[in-house]
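A quick write-up on the structure given underneath.
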Amino acid sequence: MSEIRVRFAPSPTGFLHIGGARTAIFNWLYARHHQGKFYLRIEDTDQSRSTDEAIEAILDGMRWLGLDWDRWEGSKGDALRQTERFDLYRQKISDLLEQEKAYRCYCTADELAERRKVAMKAKQVPRYDGRCRDRTGLAPDHPYAIRFKASKEGKIVVRDQVKGEVVFDSSTVDDLIIARSDGSPTYNLCVVVDDVAMGITHVIRGDDHLNNTPRQIQLYEAFGYPIPHFAHVPMILGSDKARLSKRHGATAVQQYRDEGYLPEAMLNYLVRLGWSHKDQEIFTLEELVEKFALEDVGTSPAIFNPEKLLWLNAHYIKNAAPPHLVESLLKQLNDVGVAKKRINTETLNRIIPALQERSRTLIEMAESAAYFFLDEIEYDEKTQKFLKPENLEILKTVRKTLDDIPFEHDPLLEALKGICETMGLKLAQVAQPIRAAITGKVVSPGIFDVLMLLGKEKAFKRIDFQIERLSKGEP
RNA sequence: GUCCCCAUCGUCUAGCCUGGCCCAGGACACCGCCCUUUCACGGCGGUAACACCGGUUCAAAUCCGGUUGGGGACGCCA
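For the first sequence, the numbering used here assigns the number 1307 to the initial residue and increments by one for each residue that follows.
Structure below.
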């Protein structure tokens, strides 16, 4: 079987985070590049920490990024859940026990934790001392965990496609627990059993797993299984070079969706963290699939830089076909108080192009689009600079002049130019008060565009409102 | 503490394998100028890096050794 098979194997203890997403992307790209299979496996063996909500959140994040996965023939659902497979794991564990490649350990979790604490304090290596390994005589009358009997001789070589050959001394490999005292199997055992069962050819994961690899290799050998290829990709760090975590800001991919980011921007950003193709910064999905290669994955950790992500997001917004943005934009508009029912999609489609090049996120775009739909607008504090008594005459003149002008680009241009000439003003001096009056802001798309998009009725209503206000001498 | 990984501009990176074309290229950010009805977009230009020390070599960012620094693992979590 020469088909490439990879998997993404998150544990459902929270949302899909940045690091996990990047690992998923690399796996997905590798599979698609080689026309292989990309499986999703939910590692929920620790049932006290796994939740269905977390599973849904992860799937949701994957779908948002467009990472579709293949269904493995042996799984019940689209994604394999390890809790479906406890019988298999138990079987494998008892095989190991029978062959004396594993043994019962009667040390309690508390005892182990205590010994570990003592060792750490004494600056010793916290290691299992193997006291149950060669136990003889009667077994204590209390629950036991099962440990794998690691081989302590020789070296273990991990041939890694990113890191190269990494050599571990077998004597440093602990007898790891493969079954908890409640009988449930643990991570290292399940990973090996499932990766073999699923025919995984390449294990691509974060390099925080590199130290696990020699243990897993010993398990492969104990079972007589072929060893897959490994590729350990460097981690993503926060701005202080510590492992990326909540205190660095948003770490869940969904959070970026909620903040108005486009999935293609997220994908493009993440894939360039630790992987590169010459000097290229922007990639279409097709290009990524075509160009992705493990040998171009870097070896050093990368710091997550929200500003570059923002730049990419701006790029993708700018270059998107307007209809592509509508659905997400409507959500954001709703959040800024513009209900969907009051939005005319056709109008929206005309507004979007005017906003694309000045919005870095969909939230920014929604905030800039709101005044087109609202009846009552709020006036930004900065507009005071333009909505002052000195400008009353300008507004009055504008109002009068535009009264019998069609709201189209050229007529509007001519009309405003005319006002500038007669009043001896620059266009900016006329445009800014109008902008402030009709948008409530000091920045917006070009003044002619805004007038046209807003329409005569709304524009006049807002200008009249300001004229009246200023006439009363209100500040 | 032990083991493992890593080390090019503030950040992401190209170049490193197969030494010379590199007094190191691109991108983000930052600064300046231009464009301009505001804000942006865009255009042009600028600041800014081979961690350190030794070795190999005619020649080292590139190869080797060490130092320092950072990260990770050391769990009845994954």
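Here a beta-carbon is modelled for each residue, glycine too, at the ideal position from N, C-alpha and C.
Practice problem: Classify V1539 as helix, strand or coil using the three-state DSSP reduction. | Solution: strand
Self-check item: In DSSP terms, what C1438 is bridged to
Solution: According to DSSP, C1438 bridges with nothing at all.
Quiz item: Is the stretch 1596-1603 touching the stretch 1628-1635 in the sense that three or more CB pairs, one from each, lie closer than 8 Å?
Solution: no
Quiz item: Which value, in whole angstroms, describes the spacing of the CA atoms of E1652 and S1356?
Solution: 45 Å
Quiz item: Quick one: Cα of D1686 to Cα of P1712, how far?
Solution: 29 Å
Quiz prompt | Classification of Q1341 by the beta-carbon crowding that lies within 10 angstroms, buried from 16 upward | solution = exposed
Quiz item: Would a C-beta distance cut-off of 8 Å place R1391 and D1384 closer than the cut-off?
Solution: no
Quiz item: When DSSP labels each residue in this structure, what does A1795 get in the three-state scheme?
Solution: Past the boundaries of the shown model lies residue 1795; the chain is included only from 1307 to 1781, so the question cannot be answered.
Quiz item: For G1752, is the classification buried or exposed, using 16 other Cβ atoms within 10 angstroms of its Cβ as the cut-off for buried?
Solution: exposed
Self-check item: Option in R1410, P1491, D1440 with minimal Cα separation from R1453
Solution: R1410
Self-check item: N-terminal and C-terminal residue of the beta strand (DSSP E) that C1411 is part of
Solution: 1408-1411
Self-check item: Best match in R1563, I1361, G1643 for proximity to L1386 [C-alpha to C-alpha]
Solution: I1361
Self-check item: K1343 - partner residues in DSSP beta bridges
Solution: R1311
Quiz item: Starting from H1508 and walking both ways along the beta strand (DSSP E), at which residues does that stretch end?
Solution: 1508-1512
Quiz item: CB-CB under 8 Å to P1446, same chain, minus the five flanking residues each way: which ones, in chain order?
Solution: Y1412
Exercise. Give the straight-line distance between the Cα atoms of T1707 and A1721, rounded to the nearest whole angstrom.
Key: 7 Å
Quiz item: Which parts of the stretch 1561-1620 are runs of the alpha helix (DSSP H), unbroken and 4 residues or longer, counting only runs that do not cross its ends?
Solution: 1569-1577, 1591-1597
Practice problem: Enumerate, from N- to C-terminal direction, the unbroken beta strand (DSSP E) stretches of 3 or more residues contained entirely within the stretch 1331-1405. | Solution: 1343-1348
Quiz item: Quick one: Cα of A1626 to Cα of S1777, how far?
Solution: 44 Å
Quiz item: Tell me, which residues are paired with F1474 by DSSP?
Solution: I1462
Quiz prompt | Contact belief for N1333 with I1542 at Cβ below 8 Å, rounded distance in angstroms | solution = With 8 Å as the limit, N1333 and I1542 do not qualify as a contact, their Cβ atoms being about 15 Å apart.
Practice problem: Decide yes or no for the touch test of the stretch 1342-1352 against the stretch 1490-1510: beta carbon pairs closer than 8 Å, at least 3 of them. | Solution: yes
Quiz item: With 16 other CB atoms within 10 Å as the buried threshold, where does V1559 fall?
Solution: buried
Self-check item: Other residues of its chain near V1472: CB distance less than 7 Å, five sequence neighbours each side excluded
Solution: V1464, D1466, L1516
Quiz item: Taking the Cβ atom as the reference point for each residue, do P1316 and G1325 lie within a distance shorter than 8 Å?
Solution: no
Exercise. Thinking T1351 and Y1450 are a contact (beta carbons under 8 Å), I'd like their distance in whole angstroms, please.
Key: T1351 to Y1450, Cβ: 18 Å. No contact.
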